[in-house]
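Chemist:
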Amino acid sequence: MGENISYALTTDNRISVIGENPINHAYRSQPIIPVYDIAGNFAGTQAPSLGNSQNAVAILERNRNNFSKTSRIFGNIFAELNFLEKFTARTSFGGSYSNTNGQVFAYPTYENAENTTYNQLTENAFTGYNWTWSNTLQYQNIFNDLHNVTVLVGTEAYHNQFETVSALTQGYYSFDPDYVNLSTGSGTQTNSGFYTEDALFSVFGRLDYTFNDRYLLGATIRRDATSRFTNPRHGWFPAVSAGWRISEEAFMDDVSWVDELKLRGGYGVMGNQNNVDPANAFTTYGASRVSSYYDINGTNNSIVEGFLRSRIGNPNASWEKNINANIGIDANLFNSKLQISADYYRKDVVDLLYNPELTATAGVSTAPYVNIAEMKNSGLDLSATAFFDFTSELKMNTTLTFTTFENEIVNIADGVSYFDQEARRFNGSSIVRNAVGHSVGQFHGYNIVGFWNSQEEVDAANQEAQNALNSPDAEYQSDIGVGRFRYEDINGDGVITSDDRTFLGNPNPDFSGGLNLEFTYKNWDLSAFLYGVYGNDIWNQVKWWHDFYSSFNGAKSYTALYDSWTPTNQNASAPIQETGGSFSTANVPNSYFVEDGSYLRLKNIQLGYNLPTTILDKVGLDRLRLYVQGANLFTITNYSGVDPELTGSATAFGIDEGAYPTPKQIILGVNLSL
């Protein structure tokens, strides 16, 4: 029998590190704007021609007392019984309980070009728990010293429950944190709540067979039933695997430098239900002042409450299936001084749960998830570890990892070949297109092939467009002009239209890799880990603010000031600087914002020293280790932004809007054993 239990208390200051965050506004703020004005108040962009950025210090100060505190307790208890020599029964029960309460007070602002005139307090509380109960019975036996058989059957039950309540009100006369609470606001309090739960029950079995410690076979079958689906509720998911220990064959006896060589492969189907809402099967109704309340008498004071269909249910949604296949090889060579592992994998996602766009006649209803999309992934995983004993006191080991990844959308929905995301500030044009035949999250827009360097070039291009369209007023591209971007005519029709948008970059890397180094010399040890990615692209949205004067009058980059197009600088990086944006500069997504996001980063380095036993024995210690550690100390990259290591959603990532950079850290530590 055994158990473990843990408790964690975390506090979050509720300051965003993506999107509109202090780092983003610090980028955009003109350097002439002070933090405080002469009266000691926060300074900002209230005066003309200073842009629309906010005071980064003011954001931090006004969020000082906002918080989110989470208490979480989690643990596991198990019991195991061996009986009749060959049988083992095991039961395990584990779970977690968490409680979160938070508060956000939004201050009115006065110093900005775009101010918030109201004050508002929001308080919320979240409570959730989950548990998992597993029971297995295993039989293991060896027959005739050749046949090793292991059979396991079991069940697993899972339950999850989560609820939240929230309230907000406005109209506070004092902003003192000791005064501000829900009861002291003069506005009307608005309350809301949310509740969800789901459950999963599984039965499974596994058979492992080894012949002569040389040939390995495995088979697994499981039946999962979930409350998230109704018709059908359950799914069957099989898997098989096989292995061949080549090094155990007689023909390998004379190959002394091979210690272990194994060829293996597998095929299996896994079910996924986590990306669908537990209430997806049900059509639900709700109320909205905007969509379902109506002033029948037309007097503006006789509003009648109504309700509307807020969600369309899909009772026929079922399990999303991940079909996995892999083949690999493992090798230990030269007395295990060199260990190599290689895998090629293919993962197809079929019956992928996707919520297609509804027709306008559906109103404001949320679309249900349906099993219609399909995707495939493939790649190669390699790792190699080498051990070196230079002397009895100086030793080193190193591990190199290498991973490739290819992703392709095979199908989205009937009649749907793509869907766009992430419009940003491009007048409704999206910068991400997820399309059949392409990877998830690719950047999309107009490809720049240079600048219009003279009026003669502009006139010639317009003449070609007029001839192609048989129109005397036609332009090659909207807002064409000297010093502006020249876009590529993808379809070759002589004019730039939305049909000339193309894929500009891929945030998925061609490969990623890591290098881990460990040295020991007497009582000293040194370790380092480097990680890098290659071939990925980043959409640098910060350029929209910095490199164009039409993008508000905030801080401008060196590129805008010294390397923009002029008649004497036609090989510039940025277009001509103008007070107004246009289709031919910054008003539409184009390749100007796409950069190479490859990087190599020293993720961690640590130097340690173990005190010798002669000293430890005198002070009654088993072990005392002192160390100094550095994290993210340097990065090698061509990316012009602050940090190429970005986060994002599953279908829109690699977009930099001034994200909070990965911090550099220096840590001093002590490991002590009594």
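Following the numbering used here, the numbering of the sequence shown begins with 382 at its first residue and continues without gaps.
Ideal Cβ positions, reconstructed from N, Cα and C, are used throughout, including at glycine.
Treat the numbers as computed from the prediction; the structure is a model and nothing was measured.
Let me check understanding here. Comparing Cα to Cα, which of Phe824, Lys757, Thr994 and Asp557 lies closest to valine 791?
Modeler: Your numbering for residue 791 matches position 410 in the sequence shown. Comparing Cα-Cα distances from valine 791 to each of Phe824, Lys757, Thr994 and Asp557, the minimum goes to Lys757.
Chemist: For leucine 942, which three-state DSSP category applies?
Modeler: Counting from 1 along the sequence shown, the entry for residue 942 is found at position 561. DSSP places leucine 942 in helix when its eight states are reduced to three.
Chemist: Considering only their Cβ atoms, is the gap separating aspartate 977 from asparagine 1013 smaller than 8 angstroms?
Modeler: Here residue 1013 refers to the residue found at position 632 when the sequence shown is read from its first residue. Here residue 977 refers to the residue found at position 596 when the sequence shown is read from its first residue. Cβ distance not < 8 angstroms, so asparagine 1013 and aspartate 977 don't count as in contact.
Chemist: Tell me, please, which residues DSSP counts as bridged to asparagine 752.
Modeler: Walking along the sequence shown from the start, residue 752 turns up at place 371. Note: asparagine 752 sits in a beta bridge opposite Leu734.
Chemist: Classify histidine 540 as helix, strand or coil using the three-state DSSP reduction.
Modeler: Translated into positions along the sequence shown, residue 540 becomes position 159. Strand at histidine 540.
Chemist: Counting along the chain, where does the beta strand (DSSP E) carrying aspartate 918 start and finish?
Modeler: Counted from its first residue, the sequence shown places residue 918 at position 537. Counting along the chain, the beta strand (DSSP E) containing aspartate 918 begins and ends at 918 to 921.
Chemist: Please state if the CB of lysine 450 and the CB of threonine 545 are separated by a distance shorter than 8 angstroms.
Modeler: Against the sequence shown, residue 545 aligns to sequence position 164. Against the sequence shown, residue 450 aligns to sequence position 69. It is not a contact, given that the beta carbons lie outside the stated cut-off.
Chemist: Is valine 621 helix, strand or coil by DSSP?
Modeler: As a position in the sequence shown, residue 621 is number 240, starting the count at 1. Residue state, collapsed to three classes: strand.
Chemist: How is aspartate 1024 classed by DSSP in three states: helix, strand or coil?
Modeler: Along the sequence shown, read from residue 1 onward, the residue named residue 1024 stands at position 643. Aspartate 1024 falls in the coil class under three-state DSSP.
Chemist: How long is the line joining the alpha carbons of asparagine 707 and alanine 841, rounded to whole angstroms?
Modeler: On the sequence shown, position 326 is the one that residue 707 refers to. On the sequence shown, position 460 is the one that residue 841 refers to. Taking the straight line from one Cα to the other gives about 56 angstroms.
Chemist: So, using beta-carbon positions, are alanine 424 and isoleucine 414 closer together than 8 angstroms?
Modeler: Translated into positions along the sequence shown, residue 424 becomes position 43. Translated into positions along the sequence shown, residue 414 becomes position 33. In contact: alanine 424 and isoleucine 414 (Cβ atoms closer than 8 angstroms).
Chemist: Going along the chain, which residues of its own chain have a beta-carbon closer than 7 angstroms to the beta-carbon of isoleucine 1017, five neighbours each way excluded?
Modeler: Sequence index remark: in the sequence shown, residue 1017 carries index 636 (1-based). So the qualifying residues of the chain are Tyr980 and Leu981.
Chemist: On the criterion of 16 or more Cβ atoms from any shown chain inside 10 Å, does threonine 497 qualify as buried, or is it exposed?
Modeler: For the purposes of this step, residue 497 is taken as the residue at position 116 of the sequence shown. Exposed: under 16 other Cβ atoms inside 10 Å.
Chemist: So, for glutamine 435: in the same chain, excluding its five sequence neighbours on each side, which residues have a beta-carbon less than 6 angstroms away from its beta-carbon?
Modeler: Position 54 of the sequence shown, counted from the start, is the residue given in the question as residue 435. Counting only Cβ-Cβ distances below 6 angstroms, and skipping sequence neighbours, we find His406 and Asn493.
Chemist: Considering only their Cβ atoms, is the gap separating arginine 692 from serine 351 smaller than 8 angstroms?
Modeler: Since the first residue of the chain shown is 382 and the last is 1055, residue 351 is not available in this structure.
Chemist: Looking at C-alpha atoms only, which residue of Asn808, Arg805 and Gly826 is the closest neighbour of arginine 814?
Modeler: Position 433 of the sequence shown, counted from the start, is the residue given in the question as residue 814. It is Gly826 whose Cα lies nearest to the Cα of arginine 814.
Chemist: From the DSSP secondary-structure annotation, give me the bridge partner or partners of arginine 471.
Modeler: Sequence index remark: in the sequence shown, residue 471 carries index 90 (1-based). Arginine 471 pairs with Glu461 and Thr517.
Chemist: Start and end of the alpha helix (DSSP H) containing arginine 814?
Modeler: By one-based count along the sequence shown, residue 814 stands at place 433. Premise fails: arginine 814 lies in the beta strand (DSSP E), 813 to 816, not in any alpha helix (DSSP H).
Chemist: Give a yes or no on whether the C-beta atoms belonging to asparagine 433 and glutamate 504 are separated by under 8 angstroms.
Modeler: Within the sequence shown, the letter at position 52 stands for residue 433. Within the sequence shown, the letter at position 123 stands for residue 504. No, Cβ-Cβ distance for asparagine 433 and glutamate 504 is not below 8 angstroms.
Chemist: Is it the case that the segment 843 to 854 contacts the segment 880 to 891, given that we only count it when at least three CB pairs across the two stretches are under 8 angstroms?
Modeler: Because the criterion of three Cβ pairs below 8 angstroms is not met, the segment 880 to 891 and the segment 843 to 854 do not touch.
Chemist: Flag this pair as yes or no: are the beta carbons of glycine 760 and threonine 784 separated by less than 8 angstroms?
Modeler: Taking the first residue of the sequence shown as 1, we reach residue 760 at position 379. Taking the first residue of the sequence shown as 1, we reach residue 784 at position 403. In this structure, threonine 784 lies closer than 8 angstroms to glycine 760 by Cβ.
Chemist: Roughly how many whole angstroms lie between the Cα atoms of glycine 624 and glycine 646?
Modeler: Counted from its first residue, the sequence shown places residue 624 at position 243. Counted from its first residue, the sequence shown places residue 646 at position 265. Taking the straight line joining both Cα atoms gives about 6 angstroms.
Chemist: For the alpha helix (DSSP H) containing alanine 439, name the first residue and the last one.
Modeler: As a first step, residue 439 is located in the sequence shown; it is residue number 58 there, counting from the start. Segment 437 to 443, the alpha helix (DSSP H) holding alanine 439.
Chemist: Please state the DSSP three-state secondary structure of lysine 924.
Modeler: Taking the first residue of the sequence shown as 1, we reach residue 924 at position 543. Reduced to three states, the DSSP call for lysine 924 is helix.
Chemist: Going by Cα to Cα distance, which pick from Gly875, Tyr912, Phe900 and Thr901 is closest to serine 893?
Modeler: The sequence position of residue 893 within the sequence shown is 512, counting from 1. Nearest option by C-alpha distance: Tyr912.
Chemist: With distances taken from CA atoms, which of Glu899, Arg409, Gly962 and Asn447 is nearest asparagine 394?
Modeler: Mapped onto the sequence shown, residue 394 falls at position 13. Asparagine 394 has its Cα closest to that of Asn447, out of Glu899, Arg409, Gly962 and Asn447.
Chemist: Can you give me the start and stop residues for the beta strand (DSSP E) that glutamine 958 sits inside?
Modeler: Numbered from its first residue, the sequence shown carries residue 958 at position 577. Neither: glutamine 958 is in no beta strand (DSSP E) and is coded neither H nor E.
Chemist: Using the beta-carbon count (16 or more within 10 Å), is lysine 924 buried or exposed?
Modeler: For this step, residue 924 is matched to residue 543 along the sequence shown. When all chains shown are included, lysine 924 counts as buried.
Chemist: Report yes if the CB atom of serine 820 is closer than 8 angstroms to the CB atom of asparagine 778, and no otherwise.
Modeler: Indexing the sequence shown from 1 puts residue 820 at position 439. Indexing the sequence shown from 1 puts residue 778 at position 397. Contact flag unset, no.
Chemist: Examine the Cβ distances between the segment 718 to 737 and the segment 662 to 670 and report whether three or more of them are shorter than 8 angstroms.
Modeler: Contact between the segment 718 to 737 and the segment 662 to 670 is absent, because fewer than three Cβ pairs lie under 8 angstroms.
Chemist: In the segment 654 to 712, which residue ranges form an unbroken beta strand (DSSP E) of at least 3 residues, counting only runs that do not cross its ends?
Modeler: Counting whole runs of 3 or more residues, the segment 654 to 712 contains the beta strand (DSSP E) stretches 665 to 667 and 689 to 692.
Chemist: May I ask you to report which of helix, strand or coil DSSP gives alanine 631?
Modeler: Translated into positions along the sequence shown, residue 631 becomes position 250. Alanine 631 falls in the helix class under three-state DSSP.
Chemist: Report all residues from its chain with a CB closer than 6 angstroms to the CB of threonine 513; omit the five preceding and five following residues, and keep chain order.
Modeler: Residue 513 sits at position 132 when you count from the first residue of the sequence shown. Answer for threonine 513: Gly475 and Tyr539, listed in chain order.
Chemist: For phenylalanine 771, collect the residues of the same chain with a Cβ closer than 8 angstroms to its Cβ; drop the 5 residues on either side in sequence, then sort them by chain order.
Modeler: Here residue 771 refers to the residue found at position 390 of the sequence shown. Same-chain partners within the cutoff: Met777.
Chemist: Let's test the definition: count the other Cβ atoms within 10 Å of the Cβ of glutamine 1080 and tell me whether it reaches 16, buried, or not, exposed.
Modeler: This structure gives no information on residue 1080, because the portion of the chain shown stretches from 382 to 1055.
Chemist: What number of angstroms, rounded off, separates the C-alpha of phenylalanine 610 from the C-alpha of serine 699?
Modeler: Looking up residue 610 in the sequence shown gives position 229. Looking up residue 699 in the sequence shown gives position 318. If you take the alpha carbons of phenylalanine 610 and serine 699, they lie about 6 angstroms apart.
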